[in-house]
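J.:
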Amino acid sequence: MKTVINNYIREEMFPNIWCPGCGNGIVLGAIIRAIDDLKWDKNKIAMISGIGCSSRITGYVDFCTMNTTHGRALPFATGIKMANPNMKVVVVMGDGDCSAIGGNHFIHAARRNIDLTAIIINNMIYGMTGGQYSPLTPTKKFGTTAPYGNIDQSFDLVKLAKAAGASYVARGTVYHVRQLTSLIKKALNKKGFSVVEIISDCPISYGKMNKMRTVVDMLKWIKDMSVSKKAWEDLSPEEKKEKFVIGEFLDIDRPDYTELYSKVMEEAQKMGVSR
Amino acid sequence: MKENKLIEIYQNDSVKISVRKEWCKACGICIEFCPKDVLAADEQGKPIPININECIKCSLCELRCPDFAITVEGGE
Ligand SMILES: Cc1ncc(C[n+]2csc(CCOP(=O)(O)OP(=O)(O)O)c2C)c(N)n1
Ligand code: SF4
Ligand code: SF4
Ligand code: SF4
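As they're listed, the protein sequences go chains Y and U.
Numbering-wise, the first sequence is residues 1 to 275 according to our numbering.
Numbering-wise, the second sequence is residues 1001 to 1076 according to our numbering.
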């Protein structure tokens, strides 16, 4: 049963460490299929992650990989991209990793429009550490640190990325897996900072706290709560708040940071000679 | 390196469904979301095709499996 997947994974690391049905594995498959569609040389790809269940993803792929520190995957990736702009750099983060401890790095990577692809596996909770709420936990949902329901409003990562300056922004889910693969493919191909937020399932931490006992319950919930941009427009303000809007939200072209930086180097070298 | 590559193969004239049992964690996703109810759970909760002739080769089971434990060949 060899498929394209086998060409890109470190088979000796399987079965993976994730809980049964964990969305991280579905995302891993989608990323690999997107990369295979693009026919990229796997030695020219660097995949960088932080800390969290989702960040274990870098252990399973046969690219150049780096599992860094919590929230700091983007700064490490920025360094790699600046040192070697020909590298395709993909950053995979959890919702806590990206939007809590790493929130500042996220908005500034977008502001710089550095040519990286950020994939955020949003399971709406801190999976690894036992179910604390994150900045992406929806209001009123439960976490071990929100036993009476979360009173905070969650970030809308799509709006955040757009406002901060990203070039490509999309949201998909692990249920809508074909669409997910094509969104990831477009993001990977985009020159500039590209973002794909993926609504994912954590049956163990999120599901248990929120009365979804099985992974099947969680995926059905994700399916029911997801709407296309078009369908979303017709909803009432109350309904809108509850739903996950999926699809593409931004696709623009503006100079990326590595390009601008290399121009500065050229200018500086010219000036150095004339002086 | 784990040597035991236990793979169960089920096929008819047009489709071949393989289940890599040592990687499968019996999450039930492939079984629940197969549009044609081709799959059922065996005694361990792992998929077993009970209706392979109904399979439309949509590959959704393969694409949604978090563990790369089920594949469908013969489609495209
Ligand atoms: C500097 C630092 N602070 C806190 C932690 C503890 N910690 C590990 S993973 C994690 C959050 C995981 O949640 P998320 O990023 O959403 O990823 P998931 O596990 O859900 O995939 C935290 C707080 C850490 N490892 N390092
Ligand atoms: S705790 Fe949640 S995120 Fe972590 S492996 Fe288990 S299901 Fe996945
Ligand atoms: S390929 Fe489609 S129809 Fe066939 S078993 Fe898988 S999900 Fe069911
Ligand atoms: S989706 Fe994969 S891991 Fe889950 S039951 Fe089916 S084959 Fe096993």
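Where is the CB? At the ideal position from N, CA and C, for every residue including glycine.
Treat the numbers as computed from the prediction; the structure is a model and nothing was measured.
Look up M218/Y in the DSSP assignment and say whether it is helix, strand or coil.
T.: helix
J.: Quick check: what's the CA-CA separation for F249/Y versus K1021/U?
T.: 40 Å
J.: Starting from the C-beta of D1013/U, find all residues in its chain whose C-beta is less than 6 Å away, skip the five residues before and the five after it, and write them out in chain order.
T.: none
J.: Based on Cα-Cα distance, which residue from V90/Y, M82/Y, G96/Y, T78/Y lies nearest to H70/Y?
T.: Selection V90/Y, M82/Y, G96/Y, T78/Y evaluated against H70/Y yields G96/Y as nearest (Cα-Cα).
J.: Under the assumption that I184/Y contacts I125/Y (Cβ atoms under 8 Å), give the Cβ distance between them as a whole number of angstroms.
T.: That belief does not hold up - the Cβ atoms of I184/Y and I125/Y are roughly 22 Å apart, past 8 Å.
J.: Within its chain, find whatever has a CB closer than 6 Å to the CB of S99/Y; leave out the 5 residues flanking it on each side and keep chain order.
T.: Cβ contact annotation for S99/Y (same chain, cutoff 6 Å, sequence separation greater than five): P135, L136, F155, in chain order.
J.: What residues from chain U crowd round V196/Y, counting only those whose CB sits closer than 8 Å?
T.: Neighbours of V196/Y on chain U: none; closest Cβ ~16 Å, over 8 Å.
J.: If we cut at 8 Å on Cβ distances, does A1040/U have a partner in chain Y?
T.: no
J.: Who does M66/Y pair with in a DSSP beta bridge?
T.: I48/Y
J.: Report yes or no: is there a C-beta of chain U within less than 8 Å of the C-beta of I120/Y?
T.: no
J.: Are there 16 or more other CB atoms within 10 angstroms of the CB of K1002/U, so buried, or fewer, so exposed?
T.: Residue placement at K1002/U cannot be trusted, given a pLDDT of 45 that sits under 50; what the coordinates show is reported in the next sentence. It is exposed - the Cβ of K1002/U has fewer than 16 other Cβ atoms within 10 Å.
J.: So with Cβ pairs under 8 Å, would you call E1037/U a contact of chain Y?
T.: Position check: residue 1037/U holds Asp in this sequence, whereas Glu was assumed. Not closer than 8 Å to any Cβ of chain Y, the Cβ of D1037/U fails to qualify, so no.
J.: Any chance the CB of V91/Y is under 7 Å from a heavy atom of ligand 3?
T.: no
J.: Could you please give the first and the last residue of the uninterrupted alpha helix (DSSP H) stretch that includes G25/Y?
T.: 23-38
J.: For a contact defined as C-beta to C-beta under 7 Å, what are the partners of P20/Y on chain U?
T.: K1025, A1026, C1027
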